[in-house]
Each structure stands twice: as C-alpha cells, then as structure tokens.
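Numbering of the sequence shown is given in the numbering used here, commencing with residue 5 and proceeding in unit increments. A virtual CB, placed ideally from N, CA and C, is assigned to each residue, including glycine. Below is one structure; the comments refer to it alone.
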Amino acid sequence: MNAIIDLFPLWMLLLSIITFHNTPHGWILIILIISLGFILNVVLKIICHLLNDTCNTYCFRPNGDWGGWPSGHAQSLFLMWMVIVRRYGLNVWTGGLLMIIVRVLYLRYQQRYHTGFQIISGGVIGLSLGWGLLNLFSI
C-alpha cells in the first residue's frame with residue numbers, strides 16, 4: 005500500500021500530461037510547470053535546512069528525518085490537481101480526485117511522514133504555483 009501512495013504523484017503527472025496532450029505544446033508546458041514545482045520544493049527545503057536553528061520544528065518530519073517542509077507530495081498533487089481542474093473544471097470527477105488526494109495526504113500524516121502544517125503549506129504552495137503558472141502560460 006505504501007508503494008501505491010508514494011507513487012501517486014507519478015500517476016497524477018501522467019494524468020496531467022494526458023489531459024493536455026492534444027493542445028499545442030500543452031504537454032511540454034505541463035512538464036515545465038511540474039518541473040518548476042519540483043525545483044521550488046527543493047529550494048524551499050534547502051532554505052529550511054540553512055535556517056535549521058530557527059525553523060527546526062518545521063524542517064523535520066515527525067519521525068525525525070530531514071525534509072518535512074513543505075510536503076512534496078502535497079505540493080505536487082495539488083499543483084497537478086489545479087492543472088486538471090483548469091482543463092475540466094470543478095465537477096464530480098475532479099471532486100473525486102480531490103478526495104483521493106486528501107486521503108493520500110492523510111495517510112502521509114498518519115504514517116508520520118509529515119505534520120499537518122507541512123501538508124497544508126505544501127498544498128497551498130502547490131495550488132498557488134499551479135494557478136500562477138497556468139495563468140502565466142495561458143493554458
């Protein structure tokens with residue numbers, strides 16, 4: 005079950021690419037958006053690591069490992085969900101997908117990979133980045 009949960013962002017990436025496969029340069033822009041999201045996540049983790057003394061409770065996972073903030077799963081899943089919602093709008097299908105995302109992130113919390121703050125902030129970053137980049141690229 006953990007393998008399915010850990011690979012869920014890859015399935016969402018595939019779904020995002022398929023969503024825009026027939027638009028001009030759509031899939032290239034989606035890969036660019038997802039890549040920028042990944043780079044931002046890594047940069048934020050490095051900054052958090054450099055400020056280790058001041059944000060110790062945010063940087064570390066509840067199990068003591070480094071790299072808890074922001075949640076990469078939450079950021080990437082909500083970014084890709086924003087891409088899919090941009091294409092299909094809010095409906096039963098995208099709402100169901102959101103429920104699956106929330107369940108996956110709750111399991112990440114339950115398994116002590118992240119705190120609630122790390123997951124919520126990762127989700128807010130992902131939604132904001134997705135909305136901003138989709139508007140910037142006019143997809």
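Three-state class that DSSP yields for residue i in the structure shown
i: TRP73; result: coil
Distance between beta carbons of residue j and residue i, contact taken as under 8 Å
i: GLY30; j: LEU83; result: Actually they are not in contact, since the Cβ atoms of GLY30 and LEU83 sit about 16 Å apart, beyond 8 Å.
Residue span of the alpha helix (DSSP H) that contains residue i, given as start and end
i: THR98; result: 96-114
i: PHE141; result: 120-141
i: GLY93; result: Element bounds for GLY93: n/a, residue is neither H nor E.
i: ASN45; result: 30-54
Same chain only: Cβ atoms within 6 Å of residue i, ignoring 5 sequence neighbours per side
i: ARG90; result: LEU138
i: SER125; result: PRO74
Contacting residues, own chain, Cβ-Cβ under 7 Å from residue i (five flanking each side not counted)
i: THR98; result: ILE88, VAL89, TYR92
i: GLY41; result: GLN79, SER80, LEU83, GLY130, LEU133
Same chain, Cβ closer than 8 Å to residue i, neighbours up to 5 away in sequence not counted
i: PRO66; result: GLY72, ARG116, TYR117, HIS118, THR119
| request: Determine, using beta-carbon pairs with one atom in the segment 109-120 and one in the segment 74-81, whether at least three such pairs fall under 8 Å. | output: Contact between the segment 109-120 and the segment 74-81 is present, because at least three Cβ pairs lie under 8 Å.
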